[in-house]
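Okay, so the sequence shown: first residue is 1 according to UniProt numbering, each after it adds one.
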Amino acid sequence: SMTKLRPIKSELGFVSRGDGSCSVSSGKSVVWASVNGPGDSHPSRRHGDRLYIESCYRPARGDSDSVPFNSLLRHALEHSINTKIFPRAALQVTIHEMQRDGSMCGLALTAAAMACLDAAVPMRAPFCGVQVVLVDGEFIVDAESRTEEKADAVFNFAISREVNEKNEVTPTVIASSLSGCFGLGDLVQARGVAYEAAKEIFAFFQESLQRKLTVESIA
């Protein structure tokens with residue numbers, strides 16, 4: 001299996017308008033995310049007892065396949081954010097696809113979480129996104145477009161950084177979107193591959209946030 005992530009880079013807080021933002025790239029795939037809120041909302045976009053979350057994925061060119069992305073993104077955000085402390089408020093998370101070269105869904109999830117951390121949105125636990133594809137019986141993580149096109153199955157996981165009683169990081173799937181033809185064993189294996197990748201991404205989160213905090217404290 002090819003279980004290595006492509007080189008990942010990020011820049012936090014680079015959009016001056018939003019409350020939080022980041023650009024994230026993995027190989028040649030690039031997205032940027034912006035977060036606005038939690039703040040006042042129109043009565044039609046409001047829950048009486050918790051935060052209303054609106055997520056929007058904007059593809060580089062008009063693709064209809066961003067609809068499952070939106071739903072997966074919203075599920076991950078609703079699970080991770082402490083929504084009860086913001087009744088009647090709204091949070092808007094927008095992902096802009098800048099350059100597409102595979103595994104866009106995983107990258108979008110990761111960017112959304114990083115932008116929320118940049119905006120200091122209270123989260124139960126941070127999450128990230130990992131895409132795994134199955135090509136001729138082989139599992140490939142963070143595949144580029146030409147590999148993704150040959151996939152027999154595609155597994156998109158939103159993975160939360162949970163910590164157990166022993167204070168060990170235990171990645172946990174909080175939302176997923178699966179397509180193609182696969183057996184139950186394949187799903188279990190894909191999840192295992194995704195968990196290993198998630199640990200790397202969480203280490204990258206920590207590095208990025210520490211770098212930002214260091215820069216801010218110097219400034």
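Glycine is no exception: its CB is placed at the ideal position from the N, C-alpha and C atoms.
| Item | Value |
| --- | --- |
| Determine the contact status of residue 57 and residue 69, defining contact as a CB-CB distance below 8 Å. | yes |
| Would you call residue 21 buried or exposed, if buried means 16 or more other Cβ atoms sit within 10 Å of its Cβ? | buried |
| Where residue 41 and residue 97 are concerned, what is the direct C-alpha to C-alpha distance, given to the nearest angstrom? | 26 Å |
| Tell me, please, whether the segment 25-34 touches the segment 124-131 by the rule of three or more beta-carbon pairs shorter than 8 Å. | no |
| Would the segment 81-97 and the segment 172-185 be scored as touching if the rule is three or more Cβ pairs under 8 Å? | no |
| Should residue 142 be flagged as near chain D, meaning a C-beta pair shorter than 8 Å? | Here there is only one protein chain, and chain D is not present. |
| Specify, as a first and last residue, the run of the alpha helix (DSSP H) that residue 148 falls within. | 145-148 |
| Are there 16 or more other CB atoms within 10 angstroms of the CB of residue 106, so buried, or fewer, so exposed? | buried |
| Taking residue 109 as the reference, which of 133, 159, 145 and 13 has the closest Cα? | 159 |
| Which residues bound the alpha helix (DSSP H) around residue 116? | 104-118 |
| Could you check whether residue 115 and residue 133 sit closer than 8 Å to each other, using their CB atoms as the reference points? | no |
| If we ignore side chains and look at the alpha-carbon of each, how far apart do residue 73 and residue 157 end up? | 10 Å |
| Spell out the partners DSSP gives residue 35 in its beta bridges. | 20 and 93 |
| Looking only at its chain, what residues have a beta carbon closer than 8 Å to the beta carbon of residue 170, apart from the 5 residues adjacent to it on each side? | 162, 163 and 164 |
| Between the C-alpha atoms of residue 78 and residue 71, what's the straight-line distance to the nearest angstrom? | 11 Å |
| Can you list, in chain order, the residues of its chain with a C-beta nearer than 7 Å to that of residue 220? Leave out the 5 residues immediately preceding and following it. | The first residue shown for the chain is 1 and the last is 219, placing residue 220 beyond what the model contains. |
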